[in-house]
Structures are given as C-alpha cells and as structure tokens.
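These notes are about the structure you will find just below.
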Amino acid sequence: MSEPFIKLGLSKELAQALQDSRIETPTPVQQQVIPLALTGKDVVGQSATGTGKTLAYLLPLLQKIDAGRRETQAIVLAPTHELAIQIQRQLEELIQKSGLPIASAPMIGNVNISRQIDKLKEKPHILVGSSGRILELIQKRKLSAQTVKTIVLDEADRLLDDNNRDSVKAVIKTTQRDRQLLLFSATFTPAVREQVQGLTQAAIWVELGDEIKIPAGITHLYVVAEQRDKIELLRKLTGHLAVQKALVFINKSDNILNVTEKLAYHDIAVAGLHGSSLKNERKKAMDDFRSGRVKLLVVSDLAARGLDIPDVTHVFNLEFPEDPKLYLHRAGRTGRAGKSGTVLSLITPGEAALIPRLEKILNIEMAAKKLLRGKLIDTVVRPRTAVTGRTNKVRPVPKQPER
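Per the UniProt record's numbering, the sequence shown runs over residues 1 to 403.
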C-alpha cells in the first residue's frame, strides 16, 4: 500500500489502487493539491504538462464522493472530447482498482443524447464531459446540478477562452453557491487569472511553474535537411529506426493533412490530430494509435495538450520548436515510467544555430546525425565551445559576414 498517499489524507482503497498501478510516490503538484482539495476549498493548480494534475484532482474527488447517495456530486469539464474520454478512462481505472461503489459517465457532444439521458437515470456520481453538452442536459431538465458539490476545470485556460467561456460559466451558475471549484492548467494568462478570481471564492493557488525534467532515458538526436526533403526523410527514418509508436510534431496544424497524405501515399500507417478534428475523427485516430494499427500520429502542440499516451517510442520534430518549453513538453511524451525513448528533430541548415542554446537551457546533449545507406551515423555541423563550454574537438565553422 502507498503510504505517501495515505499521509496526504487518501483512503486505503485509493492508495491500494495507486499501488496496483505502480504509482507509489506523489508528484509535487499532487503533494500540494490533494490535502487542500480534501478540505473543500477552491484550488487553482498551475503545473506543466505531464506532472500529474489529473490524479491531483481525481483522487480527492473520489475520496469526497458519498457513494450511498445516488446523485451527481461532481462534474469534470474538459475543452475537447478526446481529453474528456481520457479523463473518464483514468477515472474508471481508479474506481475499478479501488473497488469503490462509485459510478461515472462521459457526457460529450456529437454523441446520441438519448443514450446519455438514459445513463443519467442511473444517477452517476461523477460526470466528465464538455460544457456545451452538460449545459444542454441541464437546460433540458435531464440533469440536476443542485446536488453537485465539486466542479473541475481541466485545462482551465482553454475552458475560459472565447469559445467555451459562456457555457462553462453557465454550468457553474446552475450549482449551489457553496460548491467547490478546482481549476488546473499549465499556463494562466493575466486575463484568465482575472476570470478565475471572479469565479472562485478565496481560492488557494498552487503554482509550480512550468519546469519539468526530461526523463534520463531519452536520447536526443537531430538531422539537418532542407525543408522540402523533410517528409521523405521522415519516411525513411520510420523504417530504418523500427518505429513502433511515434508522435510527429509540427508547428502549424494547417500542415497536418499534407503531411499525413504524403506519408500514407508511401503506405506508412499514419493518422493526424489537430484542434479542429471532428469527434469521430479524433476517436478513430487515438484508438488506432493506441492499438498499434497506426504507428505515426501527426499532431500540433495544441492538439497534443492533455493527451496521455503510454509506450511512445519516438518523438519526431518535423518542424523544430524555437521555444525550449515546447521542446520540453514534446520530449516528455516518450521515455516515461523508466522506459527509453528517442527524440529526433529534423532541422533546416538555418535552424542548426538554435541547437547550442537549446542544449544549454535544457541541460541536454543533442547528437548530430545523418542517414547514410540506411544507417544513422554521427556528423558534426557546428562547434559547441562558445555556447556550452564543452571542449572543442572539431574545426570551428567560419564566421559568417554581418548583413
């Protein structure tokens, strides 16, 4: 049984469920949020992607449910259908492993509402879904929000943007004034902070910054290529590296369709995922990727937010992120749970100058490679001395004239 979680105030059943999932030590955000959430106070948690925010609110949420009362006691709101389903899966796993007599149900749009209404007749304790669909069910008088004691906003920055804000606030207003609000995000802009303050009552802020360590088992590589050659190079690398499950990151979602079509033309098992994907498209892409029917999932940084995909063997940066934080979050998708992983960036000659700065900021080493006769071999494209302080073992690149 996981003693560290019991010390945070969680039940033995939940601690056992965590141990069965091989989770024995709480992350910093879990250490701070769980005891506060158990008190019933409003809590706002800011922590980087991959730091355990979902468990930080699901665990106290389950602890506080009165299983003897057949009524909806908690609502978890998410900005995308995929994230809602992901949260629901994690919730179901915790319930199953803990043996707690608690019921939960997903309530998302673009799904047969009649079936959801039938599900509500079973009085699930926890609902996970989109604000639009949950508000619709409340307005149809199929869901009573008067019994809701806690509302969670996962990725609160997106839930409070122009597209979601009105429906989110409307859902909150249908609940009792003394209900608890738990809000979580990797970032909070000044504008969102102001909105949060207007929604919450003396909320306690838990801010752990955006620092997240890159797992030690990750190998960082890069290959220099012209922009026009990147997709073909990615195709070759996929075969030569025996890729099993890889995320391919691009900077602009507009390019996702083009990339997936070109790879699919060469019989690569690939799917694409972006923020505006239809619900059924997202579900199929994620199901195919998780099951192994698809080896490459092409995503934007926005589309990847909140996704928790186990056993990713490779991360490809088809378009290089200039912001070190984005590289950090992309790299953190692989090498989880002590496993090894590879991050391989395809960069243009002009982007090579960004590598030393990235290495220094993130305290990593990125090995320069090139593909030759089906093998990745070492190459050198620039000295490291001036930026990183390492011993210069190669001839310096001539200084370019100022323009």
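Note that CB positions come from ideal geometry on N, CA and C, so glycine has one too.
These numbers come from a predicted model, not from an experiment.
{"Asked": "Alpha-carbon spacing of Q197 relative to L233, whole angstroms", "Found": "49 Å"}
{"Asked": "With 16 other Cβ atoms within 10 Å as the buried cut-off, status of S185", "Found": "buried"}
{"Asked": "Three-state secondary structure assigned by DSSP to E207", "Found": "strand"}
{"Asked": "3-residue-minimum beta strand (DSSP E) runs that sit fully inside the region 324 to 352, ordered along the chain", "Found": "341 to 347"}
{"Asked": "Straight-line gap, R382 to H329 (C-alpha atoms, nearest Å)", "Found": "With a pLDDT of only 49 at R382, under the threshold of 50, the placement of this residue in the model should not be trusted; the figure read from the coordinates follows. In a straight line, the C-alpha of R382 is about 26 Å away from that of H329."}
{"Asked": "Cβ separation of G217 and G99, assumed to be a contact under 8 Å, to the nearest whole Å", "Found": "Not confirmed; about 34 Å, so no contact."}
{"Asked": "Residue ranges of each alpha helix (DSSP H) within the region 46 to 103, 4 or longer", "Found": "53 to 64, 81 to 98"}
{"Asked": "C-beta atoms of H240 and G374 nearer than 7 Å", "Found": "yes"}
{"Asked": "Cβ-Cβ distance between V248 and V298 below 7 Å", "Found": "yes"}
{"Asked": "Beta-carbon proximity list for P4, same chain, < 6 Å, skipping 5 on both sides", "Found": "T25, P26"}
{"Asked": "Start-to-end residues for the beta strand (DSSP E) that takes in V152", "Found": "150 to 154"}
{"Asked": "Bounding residues of the alpha helix (DSSP H) (the contiguous stretch that carries residue 406)", "Found": "Residue 406 lies beyond the residue range present for the chain, which begins at 1 and ends at 403; the question has no answer from this structure."}
{"Asked": "Of the residues S21, I85, L182, the one placed nearest Q46, counting alpha carbons only", "Found": "L182"}
{"Asked": "Bridge partner(s) assigned by DSSP for L273", "Found": "V299"}
{"Asked": "Segments of 4+ residues assigned as alpha helix (DSSP H) that fall wholly inside the region 108 to 145", "Found": "113 to 120, 131 to 139"}
{"Asked": "Cβ pair H125, I108 closer than 7 Å", "Found": "no"}
{"Asked": "DSSP state of S185 mapped onto helix, strand, coil", "Found": "strand"}
{"Asked": "Whole-angstrom distance between I172 and L8, CA atom to CA atom", "Found": "28 Å"}
{"Asked": "For P356, the residue or residues it bridges with in DSSP", "Found": "None, per the DSSP bridge assignment."}
{"Asked": "Identity of the residue in L83, E319, L135, L199 nearest D254 by Cα", "Found": "E319"}
{"Asked": "6 Å Cβ shell around K283 - same chain, five flanking residues per side excluded", "Found": "none"}
{"Asked": "I138 versus Q116, E155, I250, V43, residue with shortest Cα-Cα distance", "Found": "Q116"}
{"Asked": "Nearest to P356 (by Cα), restricted to the options E322, G338, K370", "Found": "E322"}
{"Asked": "Anticipated Cβ contact below 8 Å, I6 with A17, distance rounded", "Found": "Contact flag wrong, Cβ pair sits at about 12 Å."}
{"Asked": "P101 beta carbon less than 7 Å from that of residue 464", "Found": "Nothing about residue 464 can be reported from this structure: the residues present for the chain run from 1 to 403 only."}
{"Asked": "Close Cβ partners of R331 (< 7 Å) along its chain, the five nearest in sequence each way excluded", "Found": "The amino acid at residue 331 is misidentified as Arg; the sequence shows Ala. I214, I218, V315, V343."}
{"Asked": "Range covered by the alpha helix (DSSP H) that runs through N258", "Found": "256 to 265"}
{"Asked": "Nearest to Q146 (by Cα), restricted to the options D162, R177, R133", "Found": "R177"}
{"Asked": "Per-residue DSSP class, three states only, for D378", "Found": "strand"}
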